[in-house]
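With this note's numbering, letter number 109 in the sequence shown gets 499, and the count goes up by one each step, no holes.
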Amino acid sequence: MDIGPHSPLRRRLLAAIAATAFVTQNSVAVPYVLDNGWRSTQDFFVGGIWKTVPGRFAMIDLTFVVIGFHAWALLESKRLNILRWWFASFVLTWSVGIATAIPAFLYARDRAIAAALPNNRDDAELAPSSGGRPTS
Numbered sequence: 391m392d393i394g395p396h397s398p399l400r401r402r403l404l405a406a407i408a409a410t411a412f413v414t415q416n417s418v419a420v421p422y423v424l425d426n427g428w429r430s431t432q433d434f435f436v437g438g439i440w441k442t443v444p445g446r447f448a449m450i451d452l453t454f455v456v457i458g459f460h461a462w463a464l465l466e467s468k469r470l471n472i473l474r475w476w477f478a479s480f481v482l483t484w485s486v487g488i489a490t491a492i493p494a495f496l497y498a499r500d501r502a503i504a505a506a507l508p509n510n511r512d513d514a515e516l517a518p519s520s521g522g523r524p525t526s
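Here it is as structure tokens:
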């Protein structure tokens with residue numbers, strides 16, 4: 391079972407993580423917003439979470455995760471010509487959460503890299519002992 395860089399199994403795993411995060415995050419957020427009204431969406435960013443030290447710590451930590459990821463992903467998306475996927479991950483970050491956005495972007499990135507490999511092969515078809523060269 392190879393889940394090395396850009397393998398089909400790795401992409402399935404990233405897709406499953408993104409889908410699971412999407413469902414889980416929305417299972418918390420949607421009922422809250424339905425019960426408290428549309429304006430309650432701001433509670434996830436500027437609500438009571440800032441009133442406690444652990445809450446402030448978590449928000450500061452997540453802020454730097456978001457900044458760091460999107461700075462890297464923007465450059466990577468330009469390099470791989472998948473800017474639309476960076477934009478999608480940016481929208482996902484603010485509409486669902488970074489836990490959905492990161493694996494979704496990594497899935498799109500892996501697909502783009504696999505498509506660019508010689509003969510459209512995945513890394514799983516490259517022998518480790520061949521120095522990264524195709525075995526056939």
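Glycine included, C-beta positions come from ideal geometry on N, C-alpha and C.
With contact defined as three or more Cβ pairs closer than 8 angstroms, the region 453–463 and the region 475–483 are in contact. Under the three-state reduction of DSSP output, residue 397 falls in the coil class, being neither helix nor strand. For residue 468, the uninterrupted alpha helix (DSSP H) run begins and ends at 443–470, by DSSP. Approximately 12 angstroms separates the beta-carbon atoms of residue 479 and residue 461; this is outside 8 angstroms, ruling out the contact. C-alpha of residue 489 to C-alpha of residue 411: approximately 6 angstroms in a straight line. Annotated as distal: residue 417 and residue 423, with beta-carbon spacing of 8 angstroms or more.
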